[in-house]
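For reference, the structure is listed below as structure tokens.
In my numbering, the protein residues as written are 20 to 688.
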């Protein structure tokens, strides 16, 4: 077996395996990451060449491992297993340790393994014991009896008998019964010694590992990744030497999070790959014209955030697209003031709305047809981002200026956002909003817990300013880590503890702005919203009317004015109902009474393909220019109306402005 480092690729997990790993609502996060093809940075694991390299004496086991292994070993010995041999496996940086006791059956037909697993990356450490019994059959297949639920799908040729939570004695009996039922056709291969048992164990582990390699679940680290991991191992040892082992793993992870290795090449690669994914998935769901208009709008919007973050000293800036959702910019600044965070939130929608207003004004006078759509979409998307709900910009702005002041305010604000996302998902049928609501709901407890810690530590006067204005002061680091660890009894991975420590540190530094600054920022926010209304009005006017349409040839004048009944309408359409705007003919006729219009409407609906609509005594018919006979018949019917008949071709001004007034009949409201 190669002694190389491997990492589990969470994207290759099946949906069932994701559930097996969590068995909680957190599985929704794994499913979403799998759907979006986002890889989690999991700690690497070395793969030993042979199991005998891991052997050690029982006296070398830590007391905790002995106390967990011995009772199970004794129970297996009472079922005819003997000669326990002990092994220790440790993942990279010692985050996970596995202590193993391997026994062989007196008849030499099976191997029993007792494993004590302790995960040091969680606080408190996550501990569990596992027992399984293994036999190799004459056809080369494997028979395994286990009391655990499945975590990964079994390799080909492996049959697993699962007796959930069964004691070792019951497992041994069930395994023997299974062997006896197969003995005549497929007897087990004898394994009389520990040396042969080690060989069998190596073959079994190899077959399982090769299956994981083939399906892409286990991915070898590159040379650069292995070098980085070795640096992390050295850093972990250095941290233990300086502050002891209590918080060493967390300190190393904090150092990694504060100083990620990034480059312009990687940033461009992430932007490019995410853009391709956005285009492909967006093109499959939406019209291509919409996708192509959306991309420059999102780029301009996120460029505003990027420039503001760069101005305020954010590091490791990255812009990326989120398929079917939008785009974002990520960066780090753990000592940023609240007013700066608020301006970063406004730096995307405010320039975007200003651009939308300029485009809307330009589209009123001249420009290609798509400019009106582009202006309207620019205004709508940027104005939508101002809505006061996280994760939209308006929500983060209000959180930085108002709601971050108290934990209950911030938690309640995010709860309101969850409700809004659920309603949006129900109303639009868009599942992505529902997934986002679930993720945010899962974070509410953490928001409350870290917010309360920030209030308590801020009141205690804990120093948080560091000389470089980025890293956590050494004197305060241990206090912050201890506070995060002590805030819950649930075990959490080291990465989560480190991330929450940095979140707590940022909250302590990102103090909300003062009264005058808050009023000024809120005024700017309201002004941006007003700009959004202005832009929407201009863009809508340009889209539906425009200055070039306000000529008298485009208006049908009816004198005296008609009084129409609102419910006296009819529409008929076919699959070719809305021909290309550049290749169609629109015929409009105003009849002296509704009865005549109804009669001609019936005749016009027989001139397929067409779209014919009637409102009282007004008829509107639309045809493709290729429908020559239908157009001729419609003109023959409508031409006698004289000045109350108008024909508009795509070569003419393509719009017609109708001003219709109708009254509600009695009994309607």
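Glycine included, C-beta positions come from ideal geometry on N, C-alpha and C.
| Item | Value |
| --- | --- |
| Provide the residue span of the beta strand (DSSP E) that contains residue 621, from first to last. | It is not in any beta strand (DSSP E) - residue 621 instead sits in the alpha helix (DSSP H) that spans 613-623. |
| List the DSSP bridge partners of residue 161. | 155 and 177 |
| Kindly provide the ranges of any alpha helix (DSSP H) runs that are 4 or more residues long and lie completely inside the stretch 428-492, ordered along the chain. | 450-479 |
| Residue range of the alpha helix (DSSP H) that residue 116 falls in? | Per DSSP, residue 116 belongs to no alpha helix (DSSP H); it is in the beta strand (DSSP E), 115-124. |
| Below 8 angstroms on the Cβ atoms is my guess for residue 191 versus residue 152; work out the distance and round it to an integer in Å. | 6 angstroms |
| Take residue 284 as the anchor and find which of 236, 158, 337 and 548 has the nearest alpha-carbon. | 337 |
| What does the Cβ neighbour count give for residue 636, buried or exposed, with the cut at 16 atoms within 10 Å? | buried |
| Taking the CB atoms as reference points, tell me whether residue 640 and residue 660 lie closer together than 8 angstroms. | no |
| Tell me which residues share the same chain as residue 441 and place their Cβ nearer than 6 angstroms to its Cβ, disregarding the 5 neighbours each side in the sequence. | 456 |
| Throw me the rounded Cβ distance for the residue 155 and residue 219 pair, which I believe falls under 8 angstroms. | 6 angstroms |
| CA-CA distance, residue 213 and residue 340? | 55 angstroms |
| Do the stretch 192-212 and the stretch 159-174 meet, that is, are 3 or more Cβ pairs less than 8 angstroms apart? | yes |
| Relative to the alpha-carbon of residue 83, which residue among 322, 124, 147 and 23 has its alpha-carbon at the smallest distance? | 147 |
| Taking the alpha-carbon of residue 354 as reference, which of 332, 372, 344 and 404 has the nearest alpha-carbon? | 332 |
| Pick helix, strand or coil for residue 639, following the three-state DSSP scheme. | strand |
| By a C-beta neighbour count over all protein chains shown, 10 Å radius and 16 as the cutoff for buried, is residue 668 buried or exposed? | exposed |
| Measure the alpha-carbon distance for residue 115 versus residue 304 and round it to whole angstroms. | 43 angstroms |
| Compute the distance between the beta-carbons of residue 231 and residue 237, then report whether it is under 8 angstroms. | yes |
| Hey, out of 306, 73 and 292, whose CA is closest to residue 55's CA? | 292 |
| Counting C-beta neighbours from all protein chains within 10 Å, is the total for residue 412 16 or more, i.e. buried, or is it exposed? | buried |
| In whole angstroms, what separates the C-alpha of residue 242 from that of residue 369? | 45 angstroms |
| Leaving out five residues before and five after residue 49 in sequence, what residues of the same chain have Cβ atoms less than 6 angstroms from its Cβ? | 37 |
| Look at residue 122 and residue 95 and say whether their C-beta atoms are less than 8 angstroms apart. | yes |
| Quick check on this structure: which residue in 45, 476, 471 and 149 has the alpha carbon closest to the alpha carbon of residue 427? | 471 |
| Considering only the beta carbon of each residue, do residue 207 and residue 128 sit closer than 8 angstroms? | yes |
| Use the C-beta contact count for residue 53: other C-beta atoms within 10 angstroms, 16 or more gives buried, fewer gives exposed. | buried |
| For residue 176, which residues from the same chain have a beta carbon less than 8 angstroms from its beta carbon, with the 5 sequence-adjacent residues on both sides left out? | 159, 160, 161 and 226 |
| Residue 330: buried (16+ other C-beta within 10 angstroms of its C-beta) or exposed? | exposed |
| Could you tell me which of 654, 420 and 556 sits nearest to residue 542, measuring between CA atoms? | 420 |
| Where do the N-terminal and C-terminal ends of the beta strand (DSSP E) with residue 167 fall, by residue? | No beta strand (DSSP E) holds residue 167; DSSP gives it neither H nor E. |
| Using beta-carbon positions only, say whether residue 379 and residue 408 come within less than 8 angstroms of one another. | no |
| Are the CB atoms of residue 193 and residue 180 within a distance shorter than 8 angstroms? | yes |
| In the DSSP assignment, what are the bridge partners of residue 134? | 119 and 149 |
| Quick one: give me the first and last residue of the alpha helix (DSSP H) that residue 192 is part of. | 187-201 |
| Hey, how far is the Cα of residue 514 from the Cα of residue 465? | 14 angstroms |
| Taking 8 angstroms as the threshold (C-beta atoms), are residue 416 and residue 361 in contact? | yes |
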